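> Just so we're aligned: the sequence shown equals residues 1 to 185 in UniProt numbering.
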Amino acid sequence: MEDKIEGLGNGRVIIQQDFDNPETKLQKARAQIDGLQRKQMRHNGKISLARFKISTLELIIEDIQTEVKKMEDEFYNLIVKENNLKTYVRIFQKLAVLFSNMVPNIEKLMEVFIGGLPQSIKGTVTASKPQTLEEAININQRLIDQVTKHNSVQGTNDHKQMFDDRRNTTNDNKYHNNHNNDHHQ
């Protein structure tokens, strides 16, 4: 039995060594797990940052799309205001360049351009069948110049007529005026 006890003594040593060995392996495994967790946290941080960047970019894209839609609406709803053809042409040409893919051919471009003209000259420009945007602009300019010149001459004649009418009118007031203006003698 003593042999067996001595064997047990030796067995304890062996068993103790077996416990030391798994503990070392466990420590190494824990160190590896800690390292992997730190690495995962860095990756999670990078993923979170990437998600943040993506959501920020999505918001920026949405804002840009909204602005583009507004400009498209402005392009298709652009009209001449107060016979200011120069401003209309300048804005139209800028928008036409920006949205060249929206207006695939010259006919559609002309349709959009003529659509924004005042009713008083739209029919005349359409009837003249311009072949280019430049030709439509020139026709338009001539017509607006004529309308402006006519209105200024008409306005001058109206003012002159009104002045002449005031000078040559008599007081046909049927109501009796009992007030004398004699106190300014």
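Here a beta-carbon is modelled for each residue, glycine too, at the ideal position from N, C-alpha and C. All values derive from a computational prediction rather than experimental measurement.
1. Does DSSP put V97 in a helix, a strand or coil?
2. Applying the 10 Å Cβ sphere with the 16-neighbour rule, what's the burial state of F113?
3. Is N140 buried or exposed, if buried means 16 or more other CB atoms sit within 10 Å of its CB?
4. I'd like to know whether the C-beta atoms of I121 and I91 end up nearer to each other than 9 Å.
5. If A136 and V125 are in contact, beta carbons under 8 Å, what's the gap, nearest whole angstrom?
6. Out of V80, F75, S55, M71, state which residue places its alpha-carbon closest to the alpha-carbon of P118.
7. What is the C-beta distance between Y88 and G116, in whole angstroms, given that I count them as a contact (C-beta under 8 Å)?
8. Have a look at M41 and V68 and give me their C-alpha separation to the nearest angstrom.
9. Could you have a look at residue 195 and say whether DSSP puts it in helix, strand or coil?
10. Output the distance between the C-alpha atoms of N101 and L95, rounded to the nearest integer angstrom.
11. Just the C-alpha distance for residue 190 and E111, rounded to the nearest angstrom, thanks.
12. Count the other CB atoms, across all protein chains shown, that sit within 10 Å of the CB of F75; report buried if there are 16 or more and exposed otherwise.
13. In terms of alpha-carbon separation, which member of K28, K149, N138 lies closest to L85?
14. Does DSSP put G123 in a helix, in a strand, or in coil?
This is what the structure gives:
1. Numbered from 1 along the sequence shown, position 97 holds the residue referred to as residue 97. V97: helix per DSSP, three-state reduction.
2. Here residue 113 corresponds to residue number 113 of the sequence shown, with the count starting at 1. By the Cβ-count criterion, F113 is buried, with 16 or more other Cβ atoms from all chains shown falling within 10 Å of its own Cβ.
3. Translated into the one-based positions of the sequence shown, residue 140 becomes position 140. So N140 ends up on the buried side.
4. Within the sequence shown, residue 121 is the residue found at index 121, counting from 1. Within the sequence shown, residue 91 is the residue found at index 91, counting from 1. For the pair I121 and I91, the CB atoms are not nearer than the 9 Å cut-off.
5. Against the sequence shown, residue 136 aligns to sequence position 136. Against the sequence shown, residue 125 aligns to sequence position 125. Yes, A136 and V125 are in contact; Cβ-Cβ is about 6 Å, under 8 Å.
6. Translated into positions along the sequence shown, residue 118 becomes position 118. Nearest C-alpha to P118: V80.
7. Here residue 88 corresponds to residue number 88 of the sequence shown, with the count starting at 1. Here residue 116 corresponds to residue number 116 of the sequence shown, with the count starting at 1. Rounded, the Cβ-Cβ distance is 7 Å, consistent with contact.
8. Sequence index remark: in the sequence shown, residue 41 carries index 41 (1-based). Sequence index remark: in the sequence shown, residue 68 carries index 68 (1-based). Cα to Cα, M41 sits roughly 40 Å from V68.
9. Because the chain here runs from 1 to 185, residue 195 falls outside it and cannot be looked at.
10. Against the sequence shown, residue 101 aligns to sequence position 101. Against the sequence shown, residue 95 aligns to sequence position 95. Going by the C-alpha atoms only, they are around 11 Å apart.
11. Residue 190 falls outside the range modelled here, since the chain spans only 1 to 185, and no answer is possible.
12. On the sequence shown, residue 75 is found 75 positions in, with the first residue counted as 1. F75 should be labelled buried.
13. Position 85 of the sequence shown, counting from 1, holds the residue named residue 85. It is N138.
14. Sequence index remark: in the sequence shown, residue 123 carries index 123 (1-based). G123 sits in a helix when the DSSP states are folded into three classes.
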